[in-house]
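A short worksheet on the structure shown next.
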Amino acid sequence: MLDRWFRETPLGRQVAAAERHFCAQALGRIDRGHAAVVGAPLGAITRKPGLQEWELGESGHVIGRAAQLPFRAQSLDALLLVHVLDFSDDPDAVLAQAYQCLRSGGTLVALTFNPISLWGARRLVGRLQGAAAPWGGSQWLASSVGVYMRRHGFETEATRFLCFLPPGASRLQNGANPWEYVGPRLGRLGAGVQATLASRQDPGVVSGRGLFASVPVPGPRRGVQPAGRCA
Numbered sequence: 050m051l052d053r054w055f056r057e058t059p060l061g062r063q064v065a066a067a068e069r070h071f072c073a074q075a076l077g078r079i080d081r082g083h084a085a086v087v088g089a090p091l092g093a094i095t096r097k098p099g100l101q102e103w104e105l106g107e108s109g110h111v112i113g114r115a116a117q118l119p120f121r122a123q124s125l126d127a128l129l130l131v132h133v134l135d136f137s138d139d140p141d142a143v144l145a146q147a148y149q150c151l152r153s154g155g156t157l158v159a160l161t162f163n164p165i166s167l168w169g170a171r172r173l174v175g176r177l178q179g180a181a182a183p184w185g186g187s188q189w190l191a192s193s194v195g196v197y198m199r200r201h202g203f204e205t206e207a208t209r210f211l212c213f214l215p216p217g218a219s220r221l222q223n224g225a226n227p228w229e230y231v232g233p234r235l236g237r238l239g240a241g242v243q244a245t246l247a248s249r250q251d252p253g254v255v256s257g258r259g260l261f262a263s264v265p266v267p268g269p270r271r272g273v274q275p276a277g278r279c280a
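Just so you know, we're using our numbering here: the sequence shown kicks off at 50 and counts up by one.
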């Protein structure tokens, strides 16, 4: 849906470059295996010889839909959802498929447009007017993305904000972009895109540091004396 915008507009190309850079960092810890990109194509991300990257879509390596992925269960080491949630009619099906296809501990990255920004205001107006992508679609708070992910068995690890550009920044692309310096000072208000990083957790698996889970030990009940030591 965003393929043409990413390829043919200066703003789209800059957004794609920022997202590709973030995804390369997110995949930095994975040296071997399989990674799939679903949604708008980002091109080669890591160029690691041991990591096979697949693009899913009409112009990608594999034909398929985000709500019905063509990969075997637990066959992927990483899955990147590039604005899939922004334009999906069934985000629960998308995340259920992501959980099924990722191996235990596999990496999930969800890129969505930031609604609490100038981009959010522009997309809200565009949605009311029936505008084409990227100016239509759903609005996802970063916290809502995390809630949906946890509901489907993922543990969220981080949220990052990218693309410090106003939504009408096409005129800035030929020279220096002052928004890349001013935008970060505004925090999430200056960012056009939010990236949520998560990992697949198996039921019953306790995450975190240390050997043992932090399970509270019940003390003696009232009126019951603790047993003494054996002689």
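Quick reminder that beta carbons are idealized off the backbone N, C-alpha and C, glycines included.
Contact annotation: residue 168 and residue 88 have beta-carbon atoms that are not nearer than 7 Å. Counting only runs that start and end inside the region 76–135, there is no alpha helix (DSSP H) element of at least 4 residues. At a Cβ-Cβ threshold of 7 Å, residue 76 and residue 95 count as neighbours. Taken atom to atom, the span from the alpha-carbon of residue 61 to that of residue 216 is near 10 Å.
Counting of Cβ neighbours within 10 angstroms places residue 179 among the exposed residues, the total staying below 16. DSSP, reduced to helix, strand and coil, places residue 248 within a strand of the structure shown.
In the displayed model, residue 137 falls within coil according to three-state DSSP, outside both helix and strand. DSSP places residue 203 within a strand segment (E or B) once states are collapsed to three. Counting every other CB atom within 10 Å of its CB across the protein chains shown gives residue 247 a total of 16 or more, marking it as buried.
Between the C-alpha atoms of residue 99 and residue 177 there is a straight-line separation of about 45 Å. DSSP, reduced to helix, strand and coil, places residue 210 within a strand of the structure shown. Spatial neighbours of residue 164 in its own chain (CB-CB distance under 8 Å, excluding positions within 5 residues in sequence) are listed in chain order as 172, 173, 188, 189 and 190.
In the DSSP assignment, residue 243 is bridged to 161 and 210. Beta-carbon to beta-carbon, residue 131 and residue 68 are separated by about 7 Å, close enough to satisfy the 8 Å threshold.
A residue is called buried when at least 16 other Cβ atoms come within 10 angstroms of its Cβ; residue 90 meets this threshold and is buried. As summarised for the region 167–199, the continuous alpha helix (DSSP H) elements at least 4 residues long and confined to that stretch are 167–178, given in chain order. Within the same chain, Cβ atoms closer than 8 Å to the Cβ of residue 116 are found at 137, 139, 142, 143 and 146, the five residues on either side in sequence being excluded. The C-alpha of residue 78 lies about 15 Å from the C-alpha of residue 152.
Using a 10 angstroms sphere on the CB of residue 166, the tally of other CB atoms reaches 16 or more, which defines it as buried. Boundaries of the alpha helix (DSSP H) around residue 53: 52–57. Separation of residue 119 and residue 201 (C-alpha to C-alpha, rounded to the nearest whole angstrom) is 19 Å.
In the DSSP assignment, residue 151 forms a beta bridge with 125. For residue 157 against residue 72, the beta-carbon gap comes to about 12 Å, at or over 8 Å, which does not count as contact.
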